[in-house]
Amino acid sequence: TQNASIYVNYSQSFSPQGMVNNEDDINNKMDLEPEYGTQYELGTKWELYDGSLLLTGAIFDITVSNVTVQQTLDTPVNGKTYITTQEGEQRHKGAEVGAQGQVADKWFVTGSMMYLNAEYSRPASDSLNGKTPIDAPEFSANLWIRYEVTESFALNFGATYVGERYADSQNTITKDDYIKVDVGAAYTMPIMGSDVSLRMNIRNLFDKDYLGGGGTTDVTVGQGRNVNLALEAKF
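Mapping of the sequence shown onto this note's numbering: residues 1 to 235, in sequence order.
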């Protein structure tokens with residue numbers, strides 16, 4: 001219709017992988033095959049309030065073959081403690097909803113939420129068959145709100161939620177879920193014929209401790225509270 005649409009999307013992907021580069025891996029220096037992906041997506045988009053608000057929704061099914069997986073050996077072999085293979089597939093199925101636009105005279109919002117069911121599809125004898133890949137949360141969401149106090153001054157509020165994730169391919173170690181809050185302010189003023197903007201952002205306002213991407217040996221520690229101040233001039 002004039003304010004709504006439905007779409008279907010099909011795509012394929014190709015991602016080179018290089019070689020194994022770990023002296024503690026049985027297959028060190030082995031050339032890796034490329035990863036191949038196939039994605040199916042069905043979605044819809046709706047424009048409301050004369051186009052000022054856009055709502056979106058989609059379901060998707062993504063299959064990646066030749067997935068590179070490094071596993072820890074129960075018993076070291078010739079002093080090697082890891083083995084890297086590419087057998088089987090990784091499949092991601094899920095749904096995502098989102099909204100963006102103007103919800104009131106001075107209020108603007110952007111947000112999304114995703115449900116994800118991710119798992120390895122490996123040979124039945126493989127211990128990873130049916131397991132969830134590292135860093136694939138079942139639920140995640142983000143929200144960003146902007147309030148325009150005046151034509152020159154605006155306040156921003158953002159929140160990010162990441163659900164519980166596994167830190168190892170055997171699904172024995174988990175990383176806690178977390179919510180990270182960011183705030184900011186922006187002020188624009190004309191100076192000598194140029195538009196000058198002053199922006200301040202406080203990321204991780206409540207100094208939340210959290211773990212980002214990575215596994216058990218190379219995890220990324222989330223950045224603590226930090227303040228950023230920027231001055232921008234357009235001329």
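Glycine included, every Cβ here is placed at the ideal spot set by N, Cα and C.
(request) Report the three-state DSSP secondary structure of S152 (helix, strand or coil). (result) coil
(message) For A99 and K131, what's the separation of their Cα atoms in angstroms?
(response) 32 Å
(request) Kindly indicate which residue of V196, V221, T217 has the alpha-carbon position closest to the one of D207. (result) V221
(message) I'd like the span of the beta strand (DSSP E) that includes M189, first residue to last.
(response) 178–191
(request) List the residues that DSSP assigns as beta-bridge partners of D195. (result) P190, K234
(request) Return helix, strand or coil for I173, following the three-state DSSP convention. (result) coil
(request) Tell me whether P76 sits in a helix, a strand or coil according to DSSP, three-state version. (result) strand
(message) Counting C-beta neighbours from all protein chains within 10 Å, is the total for L231 16 or more, i.e. buried, or is it exposed?
(response) exposed
(request) Determine contact between the segment 89–104 and the segment 55–69, defined as no fewer than three beta-carbon pairs at a distance below 8 Å. (result) yes
(message) Am I right that G184 and I202 are in contact with their C-beta atoms under 8 Å? What's the rounded C-beta distance?
(response) 7 Å
(request) Grab the span of the beta strand (DSSP E) containing R225 for me, first residue to last. (result) No beta strand (DSSP E) holds R225; DSSP gives it neither H nor E.
(request) Apply the 10 Å Cβ neighbour rule to T150 and answer buried if 16 or more other Cβ atoms are within range, or exposed otherwise. (result) exposed
(message) Tell me which residue opens and which closes the beta strand (DSSP E) that G43 is part of.
(response) 35–48
(message) Once the 5 residues before and after S13 are set aside, which same chain residues still bring their CB inside 6 Å of it?
(response) G37
(request) Would you list the one or two residues that DSSP bridges to N201? (result) G184, N228
(message) Give me the residue from K234, N27, Y161, Q102 with the minimum Cα distance to N78.
(response) N27
(request) Determine the direct distance from the alpha carbon of F108 to that of Q102, and round the result to whole angstroms. (result) 4 Å
(request) Would you check if there are 3 or more beta carbon pairs closer than 8 Å linking the segment 162–174 to the segment 186–200? (result) no
(request) Count the other CB atoms, across all protein chains shown, that sit within 10 Å of the CB of S140; report buried if there are 16 or more and exposed otherwise. (result) buried
(message) Pull the bridge partners of N9 from the DSSP assignment, please.
(response) E41
(message) DSSP three-state label for E138, please.
(response) coil
(request) Assess, as a yes-or-no matter, whether the segment 117–130 is touched by the segment 154–162 under the definition of 3 or more beta carbon pairs within less than 8 Å. (result) no
(message) Between the alpha carbons of Q71 and Y82, how many angstroms are there, rounded?
(response) 6 Å
(message) So, at 6 Å on beta carbons, what are the nonlocal neighbours of L261 in its own chain, with the 5 sequence-adjacent residues on each side left out?
(response) With the chain running from 1 to 235 in the structure shown, residue 261 is simply not present.
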